[in-house]
Amino acid sequence: MTVDDPTRASSAPLLSGRGLTRTYRLPRPSPFQPGAVRHALIDADLDVAAGESVALIGESGSGKSTLVKLLLALDAPTAGSVTFDGRPVRPGRAAALRWFRRDTGVVLQDPYSSLDPRMRIRDTVAEPLRALSIDGDHRALVDEMLERVGLTREHGDGYPHELSGGQRQRVAVARAVVHRPRLLVGDEPMSALDVTVRAQILALLRELRDDLGLSLLTVSHDIGLVQHLADRVAVLHDGRIVEQGAVDDVLRNPRHDYTRGLMASVPTLD
Amino acid sequence: MSLSIDDLHVDLGGRPVIEGVSLSIGDGERLGLIGESGSGKSMTLLAVLGLLPDAATVRGSIRLDDRELVGLSDRDHAPLRGAEIGVVFQDPRTSLDPIRTIGSQIAEPLRLHEGIGRREARARAIEAAAEVGLPDPAGIVDRYPHQLSGGQRQRVVIATALIARPRLLLADEPTTALDVSTQAEVLDLFRRLVDERGTSLLFVTHDLAVLRRVVDHAAVLSAGRLVEQGPVRELLTRPAHPVTRGLVAASEATTWRTT
Chain A
2 MTVDDPTRAS SAPLLSGRGL TRTYRLPRPS PFQPGAVRHA LIDADLDVAA GESVALIGES
62 GSGKSTLVKL LLALDAPTAG SVTFDGRPVR PGRAAALRWF RRDTGVVLQD PYSSLDPRMR
122 IRDTVAEPLR ALSIDGDHRA LVDEMLERVG LTREHGDGYP HELSGGQRQR VAVARAVVHR
182 PRLLVGDEPM SALDVTVRAQ ILALLRELRD DLGLSLLTVS HDIGLVQHLA DRVAVLHDGR
242 IVEQGAVDDV LRNPRHDYTR GLMASVPTLD
Chain B
13 MSLSIDDLHV DLGGRPVIEG VSLSIGDGER LGLIGESGSG KSMTLLAVLG LLPDAATVRG
73 SIRLDDRELV GLSDRDHAPL RGAEIGVVFQ DPRTSLDPIR TIGSQIAEPL RLHEGIGRRE
133 ARARAIEAAA EVGLPDPAGI VDRYPHQLSG GQRQRVVIAT ALIARPRLLL ADEPTTALDV
193 STQAEVLDLF RRLVDERGTS LLFVTHDLAV LRRVVDHAAV LSAGRLVEQG PVRELLTRPA
253 HPVTRGLVAA SEATTWRTT
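Okay, here's the thing in C-alpha cells:
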C-alpha cells in the first residue's frame, strides 16, 4: 500500500525501489517433494528524495534488512528494480557499481565489531577513499571529517580500544561519509549506545544531514529515533510495507494493526 | 528481603570504580539504578552478587536482611546466587548455554540448591515456563536456545532467575536487546511477577522510559558516586543534579513524544 503524502517532494527521487520482491527457496524436505518458498519481501515501493530522511521500522524478520540489502545492491531482487538518480542499480562487478558506492555510505549497529581493532582510526576512516579510488589528499579529507564528527585529528593516530563507545560510533559515521556520499544508510545505528551518547549521535546525524545535504535511510526499531530523525517512515510487517508516509501521520494515526500494536507499546516519558 | 548498601567502595586494580555508594531496598520494594556506562551500576550489582573480578577490593557494607555480604568467601556467597538472589542480565544470547535444553537451564537453580531429581526438575521447569508465558511449556523445555525468539529467550532467563523463589531480584538492562513490543511485554511480565511474589527488585538501566515502567523510585549514579535519588516522577520533572538533568535531556531528545 502506498499512501499519498503531500510532504513528499515532487521531483524525481534520489533512491527509488519499485516492486521489490525477494524469495528464498527452502531446502526440499525430501527428493520427491518440492522445496517451499519463503517470501522475505513482497512488492515493496520505497523512495528517498534528495535531502530527505526516511526510516524503516518493523520487527526482526519483517523484511527491513532484506529491503536495505536490495536498495544497496548487496543482494539481487527476485522481482523489481532499484534506481539511484535515475540510473539502474544492480548487484554486479565492483567496478560497475563504483559510481553508486561513491554516492552511498553505511553505518552499522555496533561500533565495537564494525571497526578493525588492529587498524589506526585514520586508516579505518580512509578506507572508502582508497577502495573507491577517490582523488585528493586523503589525510586532509580524513582530518577534516574527524573534526566534523566531533573528534580531533589526534584521535586519528589511535586505535578503537582507546575510544569510548560514543567516539567509536563517531568514527563509524566519519568513515561512512568521508567520501561525501549523497545517501547515508544506518542499520540500527544507535541501539548499542547509552542514552546520552544516543542523543549526541542523533544530533550529529542531523547536523551532517543539514551541512552536507545528505539523504538518510535509517533502519530501526527505535520509535523515538524515528520521530527525532526522519521525515517519512515506512512500516514493514511480514515482508510487506503495510503503510508509509510522514512520521507524524503514520505514527500518531496508525492504520495498520501492526503499527497500532507497536505504538501502544512504545516507552514514553510522560 | 531487604538489601542495604552502606558506604560501598570498590577499587579495581587501585582505581576507584565505586566511591561511597549507600542505598537501601526494603522488603518487597523496587529501586531503579540509572547512569551512563562506566557509572558503576553494573559494578554495584556484581558486588551484591559477589562476582567482582579478583583484582577488586571492597570496603563498606552490603547487608541482605541481617547478613553481611562484604568479606564473604565465594564458598559462602555462591549458595545465595540463584536461591536468595535471582539475576537477569542484558543479553539472553550470552546468558543461556547453547547446548543445553531450556528445561535443564530453567531448573538448574533448583538442582543446585534443593538437590531435586531429574523428573521433578522437569516438572518444575514446565510450571515455571508456563508462569512466564512461554508457549507450549511441556514442549519448549526440551528445545534449545537457538530455536527460540529473543523475547522467548529472555522469558527463559526470567524463569530461571525466579524458579527458586529468590526474595531479591537483580536486573541489568534486561530488555535492551529486545524489539519494542517484546520489550513492553517482558517489562510487564517482570513487574507482574515481582508484584505477585513480593520480591525486592534492583533494576539497572540507562533508559528512563523503561525505568518508569518498572519502578517508582530510582537512584542516579555517576562516576561511582550516587548523585541523586527519589521518586522517578520527581527525577524526570525536577532533576536536581546536573548528571540527572543531562540524562533527562538526552532521554527527551531520543524518546517518542506523545505530544
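Sequences listed follow chains A and B, in order. Per our numbering, residue 2 is the first one in the first sequence, and the count goes up by one each step. Per our numbering, residue 13 is the first one in the second sequence, and the count goes up by one each step. The beta-carbon is built from N, C-alpha and C at its ideal position, and this holds for glycine as well. Predicted model only: the values in this text are computed from it and were never measured.
Query	Result
Determine, using beta carbons only, whether S234 of chain B comes closer than 7 angstroms to chain A.	no
Applying the criterion that 16 or more other CB atoms from any shown protein chain within 10 Å of the CB defines a buried residue, is T194 of chain B buried or exposed?	buried
Name the residue from B:P251, B:R27, B:V29 and B:L45 whose alpha carbon lies nearest to the alpha carbon of A183 of chain B.	B:L45
Apart from the five residues on each side of it in sequence, which residues of its chain come closer than 8 angstroms, Cβ to Cβ, to L160 of chain B?	I114, I152 and V168
Quick one: list the residues of chain A neighbouring S116 of chain B, beta-carbon separation under 8 angstroms, in chain order.	Ordered by position in chain A, no residue passes the 8 angstroms Cβ test against S116 of chain B, which lies about 26 angstroms from the chain.
Would a check of beta-carbon distances place A231 of chain A closer than 7 angstroms to chain B?	no
From the DSSP secondary-structure annotation, give me the bridge partner or partners of H229 of chain B.	B:P243
Using Cβ-Cβ distances below 9 angstroms, what residues of the stretch 196-220 of chain A are close to chain B?	V196, T197, V198, R199, A200, Q201, L203 and A204
When you compare each of B:E96, B:G40 and B:V33 to S54 of chain B by their alpha carbons, which one comes out closest?	B:V33
Could you pull the start and end residues of the alpha helix (DSSP H) that V60 of chain B belongs to?	K53 to L61
Any beta-carbon of chain A closer than 7 angstroms to the one on D228 of chain B?	no
Roughly how many whole angstroms lie between the Cα atoms of R179 of chain B and D78 of chain B?	14 angstroms
Helix, strand or coil, according to DSSP, for I202 of chain A in the structure here?	helix
Going along the chain, which residues of its own chain have a beta-carbon closer than 6 angstroms to the beta-carbon of A10 of chain A, five neighbours each way excluded?	Note that A10 of chain A scores a pLDDT of 45, beneath 50, so its modelled location is shaky; the value from the coordinates is reported in the next line. The answer, listed in chain order, is A50.
Grab the span of the beta strand (DSSP E) containing V236 of chain A for me, first residue to last.	R233 to H238
Between L223 of chain B and V244 of chain B, how many whole angstroms is the CB-CB distance? I'm expecting something under 8 angstroms.	6 angstroms
Using a cut-off of 7 angstroms between C-beta atoms, extract the partners of D191 of chain B located in chain A.	E60, S61 and H222
Between S192 of chain A and D191 of chain B, how many whole angstroms is the CB-CB distance? I'm expecting something under 8 angstroms.	About 10 angstroms; that fails the 8 angstroms criterion.
Under 7 angstroms between C-beta atoms, does E139 of chain B make it to chain A?	no
Use the C-beta contact count for T8 of chain A: other C-beta atoms within 10 angstroms, 16 or more gives buried, fewer gives exposed.	Residue placement at T8 of chain A is poorly supported in this model, since its pLDDT is 47, which falls under 50; the coordinates are not used for a value here.
What residues of chain C sit near L259 of chain B, judged by a beta carbon separation below 8 angstroms?	As a matter of chain content, chain C is missing from the structure shown, whose protein chains are A and B.
My parser needs the beta strand (DSSP E) runs of 3 or more residues fully inside the stretch 126-193 of chain B; what are they?	180-184
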